[in-house]
Structures are given as C-alpha cells and as structure tokens.
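Engineer: Protein chains in written order, with the UniProt record's numbering: chain A, 1 to 99; chain B, 1 to 648; chain C, 1 to 525; chain D, 1 to 551.
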Amino acid sequence: MNPVYYLYLASLLFTIGAAGVLIRRNAIVVFMCVELMLNACNLAFVAFSRLHGNLDGQIIAFFTMVVAAAEVVVGLAIIVSMFRARHSASVDDASLMKL
Amino acid sequence: MDNLIALLIAAPLLGAAVLLCGGRALDRVGPLVGTVLSGASFVIGAVLFADMLGKGAGDRTMTQHLFAWVPVAGFKADVGFQLDQLSMTFVLLISGVGTLIHIYSIGYMAHDERRRRFFGYLNLFVAAMLLLVLASNYLLLYMGWEGVGLASYLLIGFWQHKPSAATAAKKAFLVNRVGDMGLSIAIMLMFTTFGTFSFGGVFGAAHGATEGKLTAISLMLLLAACGKSAQVPLQSWLGDAMEGPTPVSALIHAATMVTAGVYLITRSADLFNGAPTAQLAVVVVGGVTLLFGAIVGCAKDDIKKSLAGSTMSQIGYMILAAGLGPIGYVFAIMHLVTHGFFKAGLFLGAGSVMHGMNDEVDMRKYGGLRKYMPVTFVTFGLGYLAIIGFPGLSGFFSKDKIVEAAFAKGGTEGWILGAVTLLGAAITAYYMTRMMLMTFFGEERWRNTATASPDAPDVEPAAEERGRHAEPHPHESPSVMTIPMIVLAIGSVGAGAFFGVGDRFLRWLEPVTGHSEGNSPVSAGVVTAATLVLLVVGAGIAYLQYGRRPVPARAPRGSLLTRAARRDLLQDDFNHVVLVRGGEHLTRSLVYVDHTVVDGVVNGTAASFGGLSGRLRKLQNGYARSYALSMFGGTAVIVAATLLMRAV
Amino acid sequence: MSFPYLTVTFALPAAGAIVTAAVPAARRTAAKWTALVFSLATLVMAAIVIVRFDPGGGQFQLAESHAWIKDFGVSYDLGVDGIGVALLALTALLIPFVILAGWHDADPLEEARPNRRWRPTQGFFALILAVEAMVVLSFEATDVFLFYLLFEAMLIPMYFLIGGFGDRAHSGGDEAAATQRSYAAVKFLLYNLVGGLIMLAAVIGVYVVAGTFSLTDIAHLRAAGDLSMSTSTGRWLFLGFFFAFAVKAPLWPVHTWLPSAMGESTAPVAVLLTAVVDKVGTFAMLRYCLQLFPEASKWATPVILVLALISIVYGALLAVGQRDIKRLIAYASISHFGFIIMGIFAMTSQGQSGATLYMVNHGISTAALMLVAGFLISRRGSRLISDYGGVQKVAPVLAGTFLIGGLATLSLPGLSPFVSEFLVLVGTFSRYPVIGIIATIGIVLAALYVLVLYQRTMTGPVKATVQGMSDLKVREVVVVAPLIALLIFLGVYPKPLTDIVNPAVHQTMSQVDRTDPHPQLEASR
Amino acid sequence: MSAPAVHSLWTTTAADSIGTIPSPHIEYGQISPVLIVAGAAMVGVLFEAFVPRKARYYAQVILAVLGLAAAFAAVVALAADGYGSASKAHIAAEGAVAVDGPALFLQGTILLTAVVAIFTFAERRLDPAAGSHRVDSFAAQGAAMPGSDAEKAAVRAGFTTTEVFPLSLFAVAGMLVFPAANDLLTLFVALEVLSLPLYLLCALARRKRLISQEAAVKYFLLGAFSSAFLLFGVALLYGYSGSVTYARIAEVVDGTVQNVDPALAGTMGNDALLLIGAALVIMGLLFKVGAVPFHMWTPDVYQGAPTPVTGFMAAATKVAAFGALLRLLYVVLPGLTWDWRPVMWGVAIITMIGGAIVAITQTDIKRLLAYSSIAHAGFILAGVIAASPNGISSVLFYLAAYSFVTVGAFAVVTLVRDAGGEATHLSKWAGLGRRSPLVAAVFAVFLLAFAGIPLTSGFAGKFAVFKAAAAGGAVPLVIIGVISSAIAAFFYIRVIVLMFFSEPRPDGPTVAVPSPLTMVTIGVGVAVVLVFGIAPQYFLDLAGQAGTFAR
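#1: If you drop the 5 nearest sequence neighbours on each side, which residues of the same chain put their C-beta closer than 7 Å to that of D:Val511?
#2: Using only CA atoms, which one of B:Gly633, B:Pro247 and B:Ala624 lies nearest to D:Pro299?
#3: Using a Cβ-Cβ cut-off of 6 Å (strictly less than) and excluding sequence neighbours within five positions of C:Ala201, which residues of its own chain qualify?
#4: Listed from N- to C-terminal order along the chain, which residues in the stretch 596-608 of chain B have their beta-carbon within a distance smaller than 9 Å of any beta-carbon of chain D?
#5: In the structure shown, what three-state DSSP assignment does A:Ser11 receive?
#6: At the 8 Å Cβ level, is A:Gly57 part of the contact set with chain B, yes or no?
#7: Beta-carbon of D:Gly304 versus every beta-carbon of chain A: anything under 8 Å?
#8: Going along the chain, which residues of its own chain have a beta-carbon closer than 6 Å to the beta-carbon of C:Gly79, five neighbours each way excluded?
#9: Would you mind telling me which residues of chain D sit closer than 7 Å to C:Glu140, beta carbon to beta carbon, in chain order?
#10: If contact means a Cβ-Cβ distance below 9 Å, which residues of the stretch 5-18 of chain A contact chain D?
#11: Chain C beta carbons: is any one of them nearer than 8 Å to that of D:Gly544?
#12: How many angstroms separate the CA atom of D:Leu169 from the CA atom of D:Ala86?
#13: With a cut-off of 8 Å, do at least 3 Cβ pairs link the stretch 16-36 of chain B to the stretch 111-124 of chain B?
#14: Determine the burial state of C:Ser411: buried for a count of at least 16 other Cβ atoms within 10 Å of its Cβ, exposed for fewer.
#15: Just how far apart, CA to CA, sit C:Ala330 and C:Ala319?
#16: Is the stretch 488-497 of chain B in contact with the stretch 340-351 of chain B, if contact means three or more CB pairs nearer than 8 Å?
#17: Go through its chain and collect everything with a Cβ distance to B:Leu86's Cβ below 6 Å, but skip five positions before and after it.
#18: Could you give the distance in angstroms between the alpha-carbon of C:Lys495 and the alpha-carbon of C:Leu486?
#19: Which of the three DSSP states is assigned to B:Ser613 in this structure?
#20: Whose C-beta lies closer than 6 Å to the C-beta of B:Gly547 among residues of the same chain, with five residues either side of it excluded?
#21: A:Ser49 touches chain B at which residues, Cβ-Cβ below 7 Å?
#22: Could you tell me which chain A residues have their CB closer than 7 Å to the CB of D:Ile62, listed as they occur along the chain?
#23: Rounded to the nearest angstrom, how far is the Cβ of C:Pro96 from that of C:Leu149, given a contact under 8 Å?
#24: Pull up the DSSP beta-bridge partners for residue 527 of chain C, would you.
#25: Output the boundary residues of the beta strand (DSSP E) element that contains B:Thr421.
#26: Answer yes or no: do D:Val43 and D:Cys202 have a C-beta to C-beta separation smaller than 8 Å?
#27: Is D:Leu237 close to chain B, meaning its C-beta is less than 8 Å from at least one C-beta of that chain?
#28: Could you check where the beta strand (DSSP E) with B:Met62 kicks off and where it finishes?
#29: How far does the alpha helix (DSSP H) with D:Val97 in it reach, from first residue to last?
#30: Are the stretch 192-207 of chain B and the stretch 245-265 of chain B touching by the rule of at least three beta carbon pairs closer than 8 Å?
#31: Below 7 Å CB to CB, which residues in the same chain sit around C:Gly281 once its five sequence neighbours on both sides are set aside?
#32: Helix, strand or coil for A:Val91 per DSSP?
#33: In the DSSP output, what is B:Val232 paired with across the bridge?
#34: Kindly list the residues whose CB is nearer than 6 Å to the CB of D:Tyr238, restricted to its own chain and excluding five residues on each side of it in sequence; keep chain order.
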C-alpha cells in the first residue's frame, strides 16, 4: 500500500484535531484534540520511517508518546484546578484578561 | 589733529553712558553734565574747523582709522572716520544747535523728575548723529543711522505713560525700519557690485558700474532717505513724533536728524550722478513732499504739527535740490543749514509759547500773545520771516538758489520743478503767516477758557504743578530758554547772507560735492521777483483770512481738502486700513494655522496611532480559541506564502 | 599625550551634576552653590581652551582619541575647530547665569512635599549641569556616533527640566499647569526622538557606507576617493541627518514644540533650551550635514533656503500675534533660527561666519531678554502681555534691561546680533539676491514684535496689577548686566570672535568646495 | 559510530546475534551544564520529599542557586577550553546537541538570568507575613482552591510552594538544551521540557489566583497547540530528508548529500514537504518568541502569571527560543534562505509595528511590558534576518542585553503594591516619582533602555541589530524598525510622565522595601543597562567570537 495514503490520513487527523481545538469549548476536549494532533504526527513519523526504511521515525513516535503523557499530567492538573475554582471547564469562561 | 575726530563722538557718548548708567545721584548735575559734554564736542568741532580752514581746499579731508570692525573674508568693515567739508558742516550744525537745545532744555525740563535720562538720550542722539556724518563707510553710517533712530524713539516716547507718545515712538521706529531695509539692501548691492562699501572704494569704482546697478543702489538709498527725512511715502511718522518734548522736536525732528536723508544723497553724489532715473525719482519725491507738507501745514491747528508739516516741505526742497545733481547739492546743504537755524528757532519759540500757555498746542486757543511774551514773539517772528524767504534773511538766499537750480535743470522738467518750488514758496508764506497771526495777533481767545489740548491729557508733571485746567497766565520763559532762541534767531537772520554773498558756501563745499551751473531759461532776477510776488500773495491771503476776520475758537468744518489735510491727507487712514488691520488679520489667521494645521498634523498622526491601537486591541478578546485561530491563520498564511514564493 | 583639556571641560559639569545630586535633601543652598561653583569652573576651563586654541592651526585642535566600541567603528574622538570653540564658550558662559537666574525656581513649595526624599532643588541644578556636560561634549565630538549619542541623550535631562520644573506662573492654576507642562515636555521629547531615530537610520547608513564614524577618517576617505557613496545614498543620508537637526533647530514646519516647551518651562530652562541646546542642531548642520554630504547639501540648498525664509517671516509674524510673553520670544527665536540656517546654507564665508556668530549672539540676546522676562513674570505671576502695563514707571531698571534685550533681538546696530544678522544677509544676498532681499523683511517685523511687546508691557499708564512691583534685585542685576555688556562689546568689537571662526568656516567652505562669488568689479581702493 | 549505522543495526532483523550493542558515546563533560541543572532539579524533587518543611525553602534556594552557579561555571570552563571558537566547536552526544559559540553564549546568558530570576522567586519580604510565616509570591498550596478553607488553612500553616525551585530548574534545563539542540527530536523534547514547568509556574500566583490559573490554561493549551504544529513540521522534514539531524537535513536541502537511496530521491523531489515542514517548525519557534501573529498568548500570560515567573519567562524563554530559531535557520535551512527570508521580513515588520502600536493604549504595566517584549522580538528578528555572522552576534548581544533588563523591570513591578497585592494598573503608578524617587528612577532607567535611548543597553543592542540588518541589505526593515521604536518611545515616555509629572493619588500604592535578593536582581539590571550602554565592547567581542555555529 502506498505510504502516501498514510500521510494523507495523518494530515486529515491533524486537521481534525486542529479544527477541534478551534471549535470545541471544553478544555478537556480541546486538550484531547491536541493529543489527536500529536498522534497524527506519530502516524506521519511511522509512515515516513517505513518509507525511508530507517527506525528514527518509530523511535521518535515513542518519544512523542512520553511527551504527550507528560503533557497530560501537567495539563490535567491545570485544567482540574481551574475547573474546581470556577466549576466550569469552558475555555471561553476563562477570559478575564483581554484587550 | 585727525585723531580728534573720535573725540567728537566720544564726548557725548560718554555723557550718555554716565547719565543712563549713573544712579539717582546724578539727577541734580545731570543736565549740566549733558550740556557740557555736548558743548565739548562743539568746541572740538570748532577747533577742527579752524584747522581745516588752515588747509588748502584740496587736502581738507581728514581721516581716522580706529580698528577693523567686522572682517570676514572679502567683507571688511572698519570703524574709521572721514571728516571733510560736508561732514564738518554737519558737525558744527549738530553740535552747535544741539548744545543750544541742551541749554534750552535745562529750563524746559526743569520740573521733570526724569530729566537726567532726558539729557542722557539727547547726548546719545548727538553722538549717534555725529557718527552718522563722520563714518567713512556705509555700514558704520548705518550704525549711526539706526542710532539716531533709537534716540528719536526714546525721546518721542519720553513721556511713556502717555499711550499716544508710546505709540508715536513705535510708529516712528517702524517706519524708519522700512527705510533701513533700503539702506541695508543698498549696502548689500554695493558689496556684491564693488566688493566694498567704504566711501572711497565705492565712489572710486562707481564710474565702472553699469547704470542699472547704480540706479538700483541709488533707489535703495532714496528709500532710506525717505524714511529718515519723512518724505512721501514714508512721511507719516513725523507728525505724530511731535508727541515728544518740544526741544526734541526742535533738535531731532527739525534741525538735524530728519535732514540725514539729504546728507545721504549728497554724500552718495557719485552714485546718483550715474543714475539719472534715480535722480528723477529723487526730485519727484522731493517735489511731492514739498507740496504735501505745505498743504498739511496749512490745515493743522496744532502749532507743532503745523510746524512739522512745514519741516517736511522744507526738507522736500532740499531733497529736490539734491536730486538735481551737481547744480543742486550745494544749495540743498545750504538750505539745510539755514533751515536748521530758523526751524529750530521756530520750534523753540513754539515750546516757549506752550510753556506759557499750560502746554496748550491748539493755535485757535492762542491769540494776541505778543505783548505777554515779547522775546518769543520777536525771535519767532524773525524765524518766520526767514522761512518765508523775506529778502535779506537766510531763507531768502537758500530757497531762492533752489528755485533757480530747479529752473536750471532745463527742459519741461525744469519748468515743472520751478513751478512747484515757487508754488511751495507761496504756500509756505500762507501757512506761516497764518500761524503767526493766530498765535501772536488777534483777540486773546485763551481768556476764560480752561485749556489743555484734548489729545495730550497730562503732559510734563511741570504742567500739573502749574495748575492746569485753569485759565492760563501767559508769561515770558526764563532766560535759559530765551537765550538759545535769540542765538538761533541771529543765525536765521544772518546765516543766509553770510553763506550766500559771494558764494562763500559754494566754494567751501564744492570740492566735495562738485558743482555745475545749469543753463537757466529764466534769469536769477526774474526768479527772485516771482518768489517775492508769490510770497506777498500767500501772506496776503493768510492775512485776509486770519488777520482781518476773527479766528473761530473751534475749527470750522472746512473744505474737503482742508479736512483731508487735517488728517495728513488720509495717509494715516490708508496705513491703518491696509497695514495695521491687514497685518492683524494676517497674524491672527497665521496663529490659527500654526495651531490647527501645522500642529494639528502632528497631533493628528499621534491620535490616529492611538485609534489604530484601540482597534487592534479589540483582537485581544481574551478567548483562547480565537488566539489559536490567529495562530492557525498565521501558519496557513506563512505556509501559503512560502509555497507561493517558490512557485513565483 | 598632552593634558586632556576637552575631556576635563566636559567632565567638570558631569561631575558637578553627580555631586549636586548627592547633596542631602535638607541642604538646598549648598546644592545651589555647588552647581554654581562647578559651572564657573567649567567656564574657567573653557577660557583655557580658548587660550590654547590657535586660530591658525589645524582643523581639529586639542584632539584626543581613544578606542571605544570598535565593533561599531566608534571611538572617543574629541577635537574643536573655531566654530566648536565659539559655541563651547557660549555654553560655558551662559550656564552660570542660568543657574543664578533659576536660583529660586526649584525651591519646593512647602505643602507640595510628599516626603523627605523628594529633592527637587538638587535635581534641578544637577540636570542643568548634566545638560551642559552633554552639550559641551557634543560640540567637542569629532565622531559621528559619539555626537549622535549625546544628541539624543541630552533630551532626557532636558525633558525632565521642562516637565518637572515648569513655570509656576500659569493662568489655569496648578492642575492645568501640570498637564500643560507634561504635554509640552512630551511634545518636546517626541519631536526630537523621532528626529533622532530617523537620524539613527542615517547614522547606520554612514557606517555601512564608510565603515567608520571618525570625521577625519571619512574626510581622508573622500579625499582619496575611496568613499563609495552613490549620489542617491548620499542624499538620503543627508535628509536623515538634516531632518533631525531641523527638528532640533527648529525649522518650519517642525517648530511647534519650541513655543510650548519655552512657554511652559521656567525662563532659565527656556534659555537653556533655546540658547544652548538648540544650537547643537544648527552647529550639527554646519559640521555634519555640510562636511559629510557636500554634494547632497548643495543639492538640497534651494529647498532649505526657502524653508529658512519661511521660518524667518512666519516666526516673526506669529511672534507679533502672541499674547504670551514667553511664546512671543519663542517664535522670535524660530525666526532667528531661520536666519542661522539661511546663513549656513548660503554657502558663503559671510553667511557661515555670520551664522556662527548668530548662534553665539542669539544665545546671549535671548538669554538677556528671556531672563528679564522671567524676572518680570515671577513678580506678577502671569505670562500674559495684557496683564502688564506701565512697568517702566515702577521698575525702570527692569524696563531698561528689557528694552536693551529687545533691541538686541531686533538686532540694532551697535549690539552684537546686528553684526551676525547683517553678515548672514550679505552672505545670502551675494549668492541668492532675491532670498536675501525678502529676508530683510524680517528686520522690520522684528522691530514690530519687539516694540509692540515693550509698548504693551512697559509703557502707558501704570496698571493696578503692577502697582508696587519691585525693581531688579542685586542677584538679578548680576545676571543681566554682564550679558548686556557682552552684547555691546561684541557689537562694537566682534573681531576676537570672527578671528576664531573665520578659519573654521574657510575649512568648511573648502570641504563643500564652494568659493565666495566675486563682486562684479573689484573696487579700486 | 554514526547514527544511520545504529539504525541499520536495528533494521536488519536479527540476522546475526545481537551480542554487542556499542554503548553510545556521550561527552559528559561537554554537556555538563545541562546535566548539572537537571541533576540539581532532581535533587530538588528529593528535597521536597525528605527535607522538613521549615528547612525546605532555604535548602531549595541554596540548591537552585548553587546548581545554576555550577552550571555557569561549567559553561565558562567549556568556553575557556575554546569550545566557543569555530575551531573546536563540535557536535556532542551522538549528534544530539551542539557545543559551540552560540550555544555556550546563550546557555551562559540563560543561567545568569535564571540566577537573578531565582532571587525574585525567593523574595519573601514583599507580602505582609501571614502570621509568623514570611511568604513569597507563590500560592501556599497550588492544589487548594482559591478562597477555599483549604487555602486559608494552608496559609495559616505557613505552607509555601517550594516546588517552584525544582520546576524552574527543569525549565532551565530545557532552555539550556533548546538552543543547543542539533536534531529535531532533541529540539522538540527540549521545547516540552522547558514549557511544561512554565505552565505550572504560571498557575501558582499567591494573589489573583483566578487570572493566574487562566493564564496557565491559555498558555498550556496554546503551547500544546503550537508544539503539535512544530512536531508535525518535524515529521514532514523527517519525511523529506529521512533524518532529523540538522547536518543531514542541511545536506539534503543543499543537495550535497551522498548515497541517495531511491526513497530519499523520491521525497527529495517533493519541495512541499520541505517548505511546509520548515514553515511549521519555524512557526512553533515564533510562538515561543512571541512574534505576531503567534503572540496573542503573551499579554494574557504575562499579566496572569506571578510577576517573578513573568520576568523569568520573558527573559529566559526568549533567549532560548531565539537561539533555537537561529540554529534552525542558519544550520538547517541556509539553503532555503531565499524562501524563509521574505516570510521572516513580513513577520518581523508586523511584529515590530503591531507590538508598538497596541502597546500605546495599554493600561496595565505588565501587559505594557508584554507588548514591549513583542516589539523587541520584532527588532531581534530583524537581526536574525541579516543572515550573516554579524547578524548572529548582534542577536546574541541583544538577547544578553535585553534579558537582564527585563528581569529587573519585572522585579521593580513586584515592589509597587497595595492592599490587593501588586498594583499593576498604570493609574496607580501616578506620581510614583514623588513618593519614592529611587524606585521610579530605576524603573525609568529600564524604560529608557527598552526605548533604546543612547547610553543604555537597549540602544547598543538596537544599533547592533539594525547595523547588521542594514549591512545585510535589509534597509527598509531598519527604517520600519526606527519608526516603530519611535512609536514605542511614546508609551515608555507615557509611563515616565505618569511617574514623575502627575500628582500622586491619595490611595496610591506603597513601595515595599525588598530583601537584598530583589535588590541584587534590580541592581544587576541597572548595571547591565549602564555597562552595555556605555562600554559594550567586551560583550560585543564575546558575542562576536561566539558568532559561528558548528555543523
């Protein structure tokens, strides 16, 4: 199967994720969309890795997962604390600072 | 000997410095110091004069070089003096008459608390005037030129608490400044043409210059002369200048300063001779002013203003004569000197009259004063006879010569000029007779009338002491005032004959100004006869109007011409409307422009930035998602741009 | 390595500023005296410089050179030519009078003192000395970058002087005064900063083109023909420089900051501003615009002359229209700066010598007039002309000095400004007759605004508002008398000054390679 | 043993026995600065676990400062060994990080900035003591809900969030690697390592916790978003060149690559991969430096975060991010100069102008400084664009000059307080010059430096950058930069006017007297302003020598 298709899929996922970030209000969901984007990247890495016949891409994918995990830890901590403070996880409510 | 020249100026200058910087301590001796120092410079002048007479006509010019004033590359102005017959004539006139008037002022200003300063200013004037006539180059002359202007400004406005005086002073200075523009431009032209502006250099090279250049320079000099000598169109200030104390009017605005223009033209003879057009302009100016002043003189009821008009007209004679070229220069100067005597005399007389009349200046409130102030009457009378050119008195000789010279110009021009001068003589006779009659003859109109001229609410404090608004008690002035009058009277009687008989003055001045007899179409005799006839006519009319019939205490409405003449032939109204009003509008609108337009543009830009900032701020709406959008959009744009960049 | 005269001349006031600022808050008088002493020491130093300076010598004398920021091609190069010396002397001369005149201007009003640490007096005099130091150094610098640094840096202390120590005589009360003042200060700073920043671009350009900032090196490069500056580049750079200097000078139409700045600041500060700081602008035109970009200067001359001409007439007319004494003087200064710039760009010996003399004379005359005006205003507490009248009756000495200052401003012959003004006119006329003639209108207008001012304030019946006004005090006479004496001396005997200036001007002329136009026919002496 | 070899070793699936796995060759000495800081951070974590609360604060502060100092010493030592110079600079740790001039210079700058920033972290004199316990600018307990009883209790108990020290050390570690990263993977990891702790630090303000948390959320979400872009960009570049090491990619871009296998040949032909990938990576970095249009997080985060953190972020992050950007553009994409240059031109221009203009109407001092930092990013970009050794060194110099001043400025902001904590609204600053001239004067000095007035560090930096840009032919950029700095001058001056020329308000803020710690921070700032402004030659030389990247 032509690796290019994997690439298309990756871009599609990435775009979906990005769109989600722009559209969804709930911080958790937004964050999940970011994760989706990261995974899209992973797919792209693996695909290219296969294409070029070296392992770098796959190794990077592992790194990405670790980083994503770390992001989850930090992100959830922040989002949860915000949620507890305002009883809402909507990113739009968090707009005290503007102009 | 030559080194004495500087002293001529130094003496009065020292006086000015001492009197103006010195404190109240000098208040008592001030007048004396001033008078003595001015006298000193007269003595020095006399010594130099004697020395000069001792020499041959050819080498009478003395020079003294003090130091380099402004040396910049080709531009070399020195502080140096040149004393030749022409300057010498002026030196004697200035320091002589000046000293007399100092003496007169001791009496006249006796009660003024600020007389120390008054004498300081007088000395300053004498110094500046001497500098003017002694300078050996035009730039230094310019310095004296403005110096006398300053002195005149200070003295006209001496009673500064009178708004009218302050205004008159300002006006005089401003009008003169216009003339000064001419002088400075003339000097610049000289520099660019000859590379120098020292008398020697310029006159030496004059013949080499094109007529155009010479004309330009000469016209500019004429403009300057018009300013100082109150010639049309810059004459308007002289009338108002009468706001100053009368001695000032006598010294500055009759005898000396106002004749500076004549000096300038005569001094620049070599330039004017090469520029016929300019000379024509000069005679035109002279002729017009001659009549203008005379007419104004007829209409004024204010004795000083009337005399001012007469001064204008007399200087008109001189300018006209100077404009005639070599045939006229000498007589211009001669008339200048004689005029210096009798006009100063007349003014001092007027001052003396005012002194006795609570500073009343309106001749309609005079009358029959001859028996109250005999000395004044006699001296004034002699001055009167002199100015109308009564045979044998000084005016007769000098004015007659000018009339002859005018005819001698030849051609229609000659006829016209001759006619003008004759007409002027007639009018002179008219208004002077009128003045004489209104002041010293007729009924005593000042009886039971609370006097004081409306336009001068409070003059010298002296006046207040004498209890004004009461009926005046005419009385003769103290001898310290009458003696100078007597001396001047003698001068105005004898000077003419002394100069005229045997062309003594002509021979004295000829080496400097050069001289040529024109070819007069009419003989001297005829001219003299005509002059006398017109004289009688003028005086006669005046007698019929003011001698036979009583003079109304309030001025009648008068003919259109009269009314115009009373307002200086509407010349002031013109100035007011065009220059003053126009100027005010211009400046006001410019202030507005500066504030709204020039400044507005800048403030506008600042404001627009502020507005833009306010609008851009709105983008920062606090929503994380819109921030993300801008990032996303930005990325998209960048990607697109990069790809396009490659595609292009 | 000889004695560093120039460094010391600038270091003295700089040190003075620091010391003065360090004086304890309570010891105000001490601070004043410290400042005065330091300024006098600077004056002495300046005198020594003049003595050491040899008019016949090389272009830049008493030169000092030390490496500084070689990455920027910048070195600490000092040196003075005649023009620099003249202005150096002017600065050193005026500052003591400024300090003396402002003796009480910075005394804190008792109620307006939040705490002990607030020490306006120290600040005021320290800032004045700081300005002096920077101005002095900018006259000494022969390195474009060094000059630029000071050109910009001197704005800051000046800004605080205007905004922080404004004129207390204000119609609108303290609050209005404060807002007006900070507006004026900001306006001053922004105008000059914008000018300076545009100049910065040009300065960088110079480095890119020449690779050095040293005037002498650049001159050598040009002489050797190694200076590859295309005509257009030269012109752009010239414009960058000229704009900054025109703002500083100021030249129409970028002049509007001056009236507000001078109006709102105290008289001494106004003098410092217009008589000293602004001179840096005209000085820089003469030294940098002309010497760095001869070709461009000649190219731009017509336009600049016209602008200068507009400044002359426009400034004078606006002066006539003013109601505020200080703003009137400010507009008069604008007119005078027009003359200076005209003289510089007339490109004749007379014009440029005249312009240099003009800078000095204008400094002295404006100082005299403005300081007396300041004394007057401090007495009555108003700047409006209409609030005065008949002052000469109650305070004759004040009126007299005011009149002399005014006469100097209208450049009466016998007072020093006349010499310079006439030189400028002649210089301009000999190359551009029409412009020269139109400029003479300025003479008449000057007489108009000065005499109107004098008439309205000093003459006429004594107004109730000025009744019992005190005449000049000793301190005030000490300030004014020497200035007047100087005006008269330089008016009658300007030779010492011209002797110093002429060679420098000749140098400049040769660098621009212009020669005076010859008179149509040589005079036979 | 080179990277591809390793991979081939992996790809040949168990052909021969995997008996000998060569241990990767790591030059520990050369990457010691990173190791020291990271180690110190980990020790700090252990401290949190084992050191009693009373002693924790002091232990952490000392540890952090010592760690940073030691790391700095290591950097100096390396530089002394000549790793800074082009001759000895090289790639360490299997091509992961570069040890060269720019890297060392920036690491040194970051470390020193971090030290002074840590001082402000440790400041405990500003807030009134809660009971017997002195408190710093951080929440008593990050987890405790704002205004809740739990929080009150924590405050009463005198809890303090000493975790901030290890967190900041981790961030520093990331920052040290960021500009030195020599392959895209390292770059990404370093980015995350430096970002994640900052997200947390933003959320930990003691006062105004709500906006603090909001700042954290925004920063985190947008940061994650941007790093996703960056990562995708990495993927594309990897796809294009088959490798993530800078050197390799550069070769491929230049076309000077050896032994091209068919797959590579295929992807090499596809410029879209390269261009889009490069654009995305660059975008990720521009986000960190806060360039328009990726700047919008800056004002909010700067305002919301605890002021010491803001200062630290504003200074250190910018330094690190610009370092990475420089390396990327100069090492990886020199072959692409003609593609990225126009784009960067655009970004630089709108960044300069936009930052300056929007700042004019700001009313909060921290937001004002945020926008000013945006404008400065624009100026620095102008230097980046110069694409010449001169450009590199000018940027290095600018960063060094800028960072300390920024930390100092924010330190001053922490001093001006009223009942509600720091009084950041501009109107409160009115007449500060009358109340406490010294503080106002110092702040004025910083503002003048930001405005780039001559004889301040700001001017020297600006001049260096513009000079490089002009020499690089970017004259229009210089002119725009000059204009925008004129606009910028306006609002700096506005603040000065406010402080000195307007009457103090009765309810105005008080100025807290800080401990020596903050004094040092501010002192360093002032010193840098003056030294860099008046005698910058030494540092210019330093930056000049450090001006070349290792390939």
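Note that the Cβ used here is the ideal one computed from N, Cα and C, for glycine as well.
Being a predicted model, the structure only gives us computed values, none of them experimental.
Structural biologist: The short version:
#1: Leu415, Val416, Arg435, Ser436 and Val439
#2: B:Ala624
#3: Gly240
#4: Ala606
#5: helix
#6: no
#7: yes
#8: Phe60, Ala63 and Thr142
#9: Going along chain D, no residue has its Cβ under 7 Å from C:Glu140, so there is no contact; the nearest lies around 16 Å.
#10: Leu7, Ala10, Ser11, Phe14, Gly17 and Ala18
#11: yes
#12: 29 Å
#13: yes
#14: buried
#15: 8 Å
#16: yes
#17: Val512
#18: 13 Å
#19: helix
#20: Leu437
#21: Those within 7 Å of A:Ser49 in chain B number zero; the least Cβ separation is about 24 Å.
#22: Result: empty, since nearest Cβ-Cβ is about 27 Å, beyond 7 Å.
#23: That belief does not hold up - the Cβ atoms of C:Pro96 and C:Leu149 are roughly 26 Å apart, past 8 Å.
#24: Examination of residue 527 of chain C is not possible in this model, given that chain C is present from 1 through 525 alone.
#25: Where B:Thr421 is concerned, there is no enclosing beta strand (DSSP E), although the alpha helix (DSSP H) it sits in stretches over Gly411 to Phe440.
#26: no
#27: no
#28: Met62 to Val72
#29: No alpha helix (DSSP H) holds D:Val97; the beta strand (DSSP E) holding it covers Val97 to Val99.
#30: no
#31: Phe245, Lys248 and Ala249
#32: coil
#33: Per DSSP, none; premise fails for B:Val232.
#34: Val244
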